[in-house]
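S.K.: One structure is given below, represented as structure tokens, and several questions about it will come after.
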Amino acid sequence: MTGPATAADLHDLLRLWSDTFPELIPPELSTAVAEGRVVALRGPSGLVGAAVCGPAGEDPRERLLTVVAGAADAWLEAEAAATGGPLGRGVDRWHVTVREDSALVVAGLQRAGYAVTGRSWGAQLDAEDVDVDAAHRRVEAAAACGFVLRQLGSGDAAAAHRLVQECRADFPASPATPAPDLGLDEVTGFAAGPGRAAFGVTAPAAQGRRLVAVTLLEVDDDGRSADTELTAVAADHRGRGLATALKALAVVVLLSRGVRTFRTGGAAVAEASLRANRALGYRLEPQWLTWTRAVGPAP
Numbered sequence: 002m003t004g005p006a007t008a009a010d011l012h013d014l015l016r017l018w019s020d021t022f023p024e025l026i027p028p029e030l031s032t033a034v035a036e037g038r039v040v041a042l043r044g045p046s047g048l049v050g051a052a053v054c055g056p057a058g059e060d061p062r063e064r065l066l067t068v069v070a071g072a073a074d075a076w077l078e079a080e081a082a083a084t085g086g087p088l089g090r091g092v093d094r095w096h097v098t099v100r101e102d103s104a105l106v107v108a109g110l111q112r113a114g115y116a117v118t119g120r121s122w123g124a125q126l127d128a129e130d131v132d133v134d135a136a137h138r139r140v141e142a143a144a145a146c147g148f149v150l151r152q153l154g155s156g157d158a159a160a161a162h163r164l165v166q167e168c169r170a171d172f173p174a175s176p177a178t179p180a181p182d183l184g185l186d187e188v189t190g191f192a193a194g195p196g197r198a199a200f201g202v203t204a205p206a207a208q209g210r211r212l213v214a215v216t217l218l219e220v221d222d223d224g225r226s227a228d229t230e231l232t233a234v235a236a237d238h239r240g241r242g243l244a245t246a247l248k249a250l251a252v253v254v255l256l257s258r259g260v261r262t263f264r265t266g267g268a269a270v271a272e273a274s275l276r277a278n279r280a281l282g283y284r285l286e287p288q289w290l291t292w293t294r295a296v297g298p299a300p
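Quick note on the working numbering: the sequence shown kicks off at 2 and runs consecutively.
Put into structure tokens, the structure is as follows:
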């Protein structure tokens, strides 16, 4: 039996989420339930599947779907209940993003008629794998060319925000990796901390001393891990190794403050970003695949 999820389903919903996606922190499921964006599939012994609906970018005709279930048949039934019910009204395309090694979900997607439309990657760097000397050399090489690499403060937020906005159109966008859309207040939060950090590259005097690269990171509450929110380099300064040098600086500085794990990711087509992270020793994880099914007329 399918129907809207209720607050009474939250415990089982969290259990199903953890079983289906052990590597993912669940979203605000209580909010999704309260907003009527979760369809529940109930069996004789309780919840056996659920589908969570959310936005997939700015087009309301495209929606992101996350289905959790313990069996393939339950996955298919929950998916059909969500896409064929009230949540599917006005939707032309459904997108589902999962890791490539999520066998049950991938099998369900194939049976439901979805096709892969995008790939993204995640990567991790552990403290014991950081080559600190090599990281310092990358920073020094950029500095030798007249660039200034440093941690940014709140006074740099406006310039950092401007650079991110200038580069926004160049970020590959997909339901899994939407283009960054940070406001000035959010960038200021990264620059001012606490729990966040911003690093930047200023061009030499002959090139205007303007901010030409920025990377923003969020540090977990325990101070032991950091996630890269974004890295942006001005179009006229790409291909010079600045992103790699800046990321190296961020790793060295945060490592000295107790961070032991660094995480990052991006779209598979962002080859420059992938190369920069590999150069620093980041270890690639299984790819994330975006699967899409069209249910209405082509846009």
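All C-beta atoms, glycine included, are put in the ideal place defined by N, C-alpha and C.
At 3 residues or longer, and completely inside the region 156-216: list those beta strand (DSSP E) runs for me, N to C.
M.R.: Entirely contained in the region 156-216, the beta strand (DSSP E) runs reaching 3 residues are, in chain order, 197-203.
S.K.: Please go through the same chain and pick out, in chain order, the residues whose beta-carbon is closer than 8 Å to the beta-carbon of proline 179, but skip the five residues on each side of it.
M.R.: Closer than 8 Å at the Cβ level, and outside the excluded window around proline 179, lie Gly58.
S.K.: Just the C-alpha distance for threonine 118 and serine 19, rounded to the nearest angstrom, thanks.
M.R.: Whole-angstrom Cα-Cα distance: 26 Å.
S.K.: Could you spell out where the alpha helix (DSSP H) holding glutamate 78 opens and where it closes?
M.R.: 73-84 is the span of the alpha helix (DSSP H), which, as asked, contains glutamate 78.
S.K.: For alanine 233, collect the residues of the same chain with a Cβ closer than 6 Å to its Cβ; drop the 5 residues on either side in sequence, then sort them by chain order.
M.R.: Leu164, Val165, Cys168 and Val215, listed in sequence order.
S.K.: Since glycine 266 sits in a beta bridge, which residues does DSSP pair it with?
M.R.: In DSSP, glycine 266 forms a bridge with Gly123.
S.K.: Could you check the C-alpha separation between alanine 159 and threonine 203 for me, to the nearest Å?
M.R.: Computed Cα separation, rounded: 14 Å.
S.K.: Can you give me the C-alpha to C-alpha distance between cysteine 54 and glutamate 80, rounded to a whole angstrom?
M.R.: Approximately 10 Å between the Cα atoms of the pair.
S.K.: Residues in its own chain within less than 7 Å of aspartate 13 by CB, not counting five upstream and five downstream?
M.R.: So the qualifying residues of the chain are Gly47 and Leu48.
S.K.: Do the CB positions of leucine 290 and valine 68 come within less than 8 Å of each other?
M.R.: Cβ distance not < 8 Å, so leucine 290 and valine 68 don't count as in contact.
S.K.: In angstroms with no decimal places, state the Cα-to-Cα distance between methionine 2 and leucine 42.
M.R.: Roughly 6 Å between the two C-alpha positions.
S.K.: Is the separation between the beta-carbon of threonine 245 and that of alanine 268 shorter than 8 Å?
M.R.: No, Cβ-Cβ distance for threonine 245 and alanine 268 is not below 8 Å.
S.K.: Spatial neighbours of leucine 88 within its chain, please: CB distance less than 6 Å, with the 5 preceding and 5 following residues excluded, ordered by chain position.
M.R.: Result list for leucine 88: Cys54, in chain order.
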